[in-house]
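Number of protein chains: 2
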Amino acid sequence: MPKTKQFDETEVLLKAKELFCEKGYNGTSMDDLVQATGLSRSSIYDTFGDKHGLFMKSLNYYRCSQQGDLEKQCTRSDSPKKNIRAIFDYYIKDILADRGRKGCLLINVSLELSAVDKDVTAIFQSNMEDIEQVLSALIKEGQSKGEISKKFSPKALSRHLFNSLAGLRVTGMNRPDADALREIARIALSILDE
Amino acid sequence: MPKTKQFDETEVLLKAKELFCEKGYNGTSMDDLVQATGLSRSSIYDTFGDKHGLFMKSLNYYRCSQQGDLEKQCTRSDSPKKNIRAIFDYYIKDILADRGRKGCLLINVSLELSAVDKDVTAIFQSNMEDIEQVLSALIKEGQSKGEISKKFSPKALSRHLFNSLAGLRVTGMNRPDADALREIARIALSILDE
DNA sequence: TTTTATTTGGAACATTCGTTCCAATATGTA
DNA sequence: TACATATTGGAACGAATGTTCCAAATAAAA
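As they're listed, the protein sequences go chains D and P.
Numbering-wise, our numbering puts 89 at position 87 of the first sequence, and it's gapless, one number per residue.
Numbering-wise, our numbering puts 163 at position 161 of the second sequence, and it's gapless, one number per residue.
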């Protein structure tokens, strides 16, 4: 009996994510969102509740797709170390492809809002832990295979690698220089050798 | 003849910096600034032009004081390597002292505005270059003294270290765990050892 | 004390903000 | 085709935004 939704919710979340990424949460107006998504205020409010609801949903969507992309890099090779390198390559590729300098939504809004929005902080933290977990598993495997140095614990190394990835976002957004980013990654990863 | 200014411009810039840091550029209203600084709209507009003018001035002020703090750490010891460690210790202390999770104004607003405000990007870039320069000089000196490995160039190492510092801000704001941050620093700095 | 230049407080401005509301529209079923 | 139901577009809301303006207050110089 009912009229069905005329739009794809996922597409809307993607558009919203791009806007929030480019202009920040407070810099993005409901009018921007209406224009970019092409649908009306009513539809947005009816579907997502309010601006913050739409924001959180697009943030969660982004987080999941990022996590998916990450895990895809873990199966590229039998070598854990090569897979870690693949993760770094993927991130750098992503940063360099971002010509509009929009950056990573998770990092952007975590810095914009961490003092005032605990929901955002919580999502960032769990995302950070997930990534560190993935890295830690790869490191543990690499250490037992003997291709990664046992000088530091998997946990410590995974934290260092996540830290480097986060740094690359910040650095890369402000200086999108392929050679510089690759060299930073090479040095950060050289810890795994020996 | 004229009535003299009734307030200290530096104090106002400091207050403004704290607000912009906590709530971001777009999240900070002129009303917030009026309340926090205690002076009137007229005085602010007369002294700084407009919101963006006040913002840029407080950003520049912050950048200079940060640069000063950094250089102070470079003279603590005769050992370049120890001075680099001092820089990292200083940064981590700063991050842990930041209970309100306000973060670093330069990083925060560079991520919030880099897609829309080229002035901010320019300041961040020159700040990044300055810091890398300081680090590079210390590394070069350390290498010639034989206390820092020559495996990587000073430029590459300085970029890696800056990248780690930037990462620490992001990581530390979301997980202000002293042990975790210190261990990340220890690993990032272990590159300098043979 | 008087003069003079400047700052100051607060009212007022037009815009934009997020949100609400309702009539009109459009769809799947009977 | 006609009914029932959910979506849709757009007007409208009050509150908050950045900014302007001017009269009143103030401090240094005469």
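Idealized CB from N, CA, C, for every residue including glycine.
| Item | Value |
| --- | --- |
| Supposed close pair Ile193/D, Leu159/D - CB separation, criterion 8 Å | 7 Å |
| Close beta carbons around Phe154/P, own chain, < 8 Å, minus the five adjacent residues each side | His162 and Ile193 |
| CB contact below 9 Å: His54/D versus chain P | no |
| Among Asp48/P, Glu20/P, Asp52/P and Glu13/P, nearest to Met32/P - alpha-carbon criterion | Asp52/P |
| Where Gly70/P falls, given that 16 or more other Cβ within 10 Å makes a residue buried | exposed |
| Cβ-based burial, Asp185/P [other Cβ within 10 Å; buried from 16] | Note that residue 185/P is Glu in the sequence shown, not Asp. Looking at its Cβ environment, which holds 16 or more other Cβ atoms inside 10 Å, Glu185/P is buried. |
| The region 125-144 of chain P in contact with the region 74-87 of chain P per 3-pair CB rule at 8 Å | yes |
| 9 Å Cβ cutoff met for Ala180/D and Leu61/D | no |
| Cutoff 9 Å: Lys112/D Cβ touching any chain P Cβ | Looking at the sequence itself, residue 112/D is Ser, so the reference to Lys does not match. Closer than 9 Å to some Cβ of chain P, the Cβ of Ser112/D qualifies, so yes. |
| Beta-carbon proximity check, Phe126/D vs Ser116/D, cutoff 9 Å | yes |
| Stretch-stretch touch, CB-based, cutoff 8 Å, three pairs: the region 105-112 of chain P with the region 99-115 of chain D | yes |
| Residues of its chain near Cys23/P, where Cβ-Cβ distance is below 7 Å and the 5 sequence neighbours each way are ignored | Lys104, Gly105, Leu107 and Asn110 |
| Range covered by the alpha helix (DSSP H) that runs through Ala117/D | Run containing Ala117/D: none; DSSP gives neither H nor E here. |
| Test item: CB-CB of Gly200/P and Phe9/P under 9 Å | A question about residue 200/P goes unanswered here, because the residues of chain P that appear run from 3 up to 196. |
| Cα-Cα separation between Ile150/P and Ile86/P, rounded to whole angstroms | 11 Å |
| Within the region 151-191 of chain P, ranges of the alpha helix (DSSP H) (whole runs, at least 4 residues) | 156-176 |
| Distance CB(Leu35/P)-CB(Leu21/P) smaller than 9 Å | yes |
| Chain P contact residues for Thr123/D, given Cβ-Cβ distances below 7 Å | Asn176 |
| C-alpha distance - Arg171/D paired with Ser45/D, whole-angstrom precision | 34 Å |
| Residues near Asp195/P in its chain [Cβ-Cβ closer than 7 Å; skip 5 each side] | Ser151 |
| is_contact[Arg87/D, chain P] using C-beta, thresh 9 Å | no |
| Three-state secondary structure (DSSP) of Arg65/D | helix |
| Below-9 Å beta-carbon distance, Ala99/P vs any chain D residue | no |
| Endpoints, alpha helix (DSSP H) assigned at Tyr27/D | No alpha helix (DSSP H) contains Tyr27/D, which DSSP labels as neither H nor E. |
| Chain D within 9 Å of Leu61/P, Cβ atoms only | no |
| Closest residue to Glu11/D among Asp48/D, Asp119/D, Cys76/D and Thr30/D (Cα-Cα distance) | Asp48/D |
| Gly26/P: contacting residues in chain D (beta-carbon distance under 7 Å) | Gly26, Asn28 and Glu114 |
| Buried or exposed by the 16-neighbour rule on C-beta atoms within 10 Å, applied to Thr173/P | buried |
| Proximity below 9 Å, CB of Ser42/P to CB of Phe90/P | no |
| Interface residues of chain P facing Arg103/D [CB-CB closer than 7 Å] | Ser116 and Ala117 |
| Cα-Cα separation between Tyr93/P and Asp119/P, rounded to whole angstroms | 26 Å |
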